[in-house]
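Written below as structure tokens is the structure these notes are about.
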Amino acid sequence: MGGLEGKTVIVTGAARGIGRCIAERAAVQGGHVVVADILLDEAAAVAETIRSGGGQASHSHVDITDPASAIRLAAEVLAARGRIDALVNNAGLDAPHGQAATIDEAHWRHVIEVDLNGAWWCSRAVIPAMMERRAGRIIFISSLAARIGSPTLSPAYATAKAGLIGLTVSLSSQLEPYGILVNAITPGPTGETGRPYSGEGRKAYLAAHPLGFGGARPIAEGVLHLLGKGGDWMSGSVLNISGGHFRGL
């Protein structure tokens with residue numbers, strides 16, 4: 002038996018990549034997964050795949066940059082399920098590149114809106130229901146870009162992902178009295194997102210990081226740890242799941 006029986010877990014950006022893997026693994030653990038994405042048809046297909054494999058899943062449309070859309074998502078889930086046990090804020094941009102001297106205002110605003118504000122709107126939408134039940138888990142999928150510099154990744158992306166760590170610390174301190182545990186994960190390069198390393202760049206990366214690219218599965222397993230019994234005494238934590246890419250404190 003898994004550890005999520007009877008629980009309702011919303012995963013944003015779950016139509017593809019890491020989000021899809023998180024949704025599929027949470028369903029294996031017995032949870033009812035809400036596959037939430039702006040790509041409605043793809044979200045529906047993922048939910049159907051989970052159900053055809055014996056899991057429990059539904060799908061919902063959400064545009065995380067629209068506060069009203071996030072509120073509608075929470076309302077739909079509560080109407081259908083009666084509870085929201087966990088929210089995994091996975092939706093975000095595909096590690097955009099950009100240079101400080103050339104990125105424009107539109108780029109900056111878009112990245113912050115999707116990768117930081119979107120996670121906040123979704124969290125804000127579910128918090129009241131979790132507070133009422135005095136239980137819940139909120140997880141932010143951040144990035145190592147929040148902790149280490151990059152000569153190619155957009156400064157806006159690093160700023161947004163660092164903001165998710167700030168949200169983790171702030172919300173955890175405010176919500177612990179209500180039984181709501183808030184944590185984050187900082188994935189390293191997985192091969193699921195961003196521009197893949199190739200040629201000499203790939204060789205150099207693998208020489209420096211023998212564990213290589215982890216794919217989505219290790220990130221999903223980290224999420225399951227935080228959602229399950231292993232996360233019962235974790236709040237305000239930032240899990241580094243990077244295959245040794247980051248070794249700092």
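Count along the sequence shown starting at 1, add 1, and that's the number in the working numbering. Note that beta-carbon positions come from the ideal geometry of N, C-alpha and C, so glycine has one too.
Same chain, Cβ closer than 7 Å to residue i, neighbours up to 5 away in sequence not counted
i      : result
Pro68  : Trp122
Ala45  : His60
Ala163 : Ala147
Own chain partners of residue i with C-beta closer than 6 Å, once the 5 adjacent residues on each side are dropped
i      : result
Met131 : Gly137 and Ile181
Per-residue burial, residue i [other beta carbons within 10 Å of its own, 16 or more giving buried]
i      : result
Arg26  : buried
Arg21  : buried
Asp233 : exposed
Ser174 : exposed
Pro97  : buried
Thr169 : buried
Ala107 : exposed
Gly231 : exposed
Ser171 : exposed
Gly7   : exposed
For residue i, three-class secondary structure by DSSP
i      : result
Gly167 : helix
Gly195 : In this prediction, Gly195 scores a pLDDT of 46, lower than 50, which makes its location untrustworthy; no coordinate-derived value is stated.
Pro188 : strand
Ser59  : strand
Ala44  : helix
Arg138 : strand
Ile149 : coil
Ala37  : strand
Leu79  : helix
Leu154 : strand
Leu5   : coil
Leu94  : coil
Start-to-end residues for the alpha helix (DSSP H) that takes in residue i
i      : result
Thr66  : No alpha helix (DSSP H) holds Thr66; DSSP gives it neither H nor E.
Val224 : Arg218 to Leu228
Val115 : First-last for Val115: undefined, no H or E at that position.
Ile104 : No alpha helix (DSSP H) contains Ile104, which DSSP labels as neither H nor E.
Arg17  : From DSSP, Arg17 is part of no alpha helix (DSSP H); its letter is neither H nor E.
Span of the beta strand (DSSP E) around residue i
i      : result
Ala87  : Ala87 to Asn90
Leu240 : Val239 to Ile242
Same chain only: Cβ atoms within 8 Å of residue i, ignoring 5 sequence neighbours per side
i      : result
Ala101 : Pro156
Gly4   : Gln30, Gly31, Leu225, Leu228, Gly229 and Lys230
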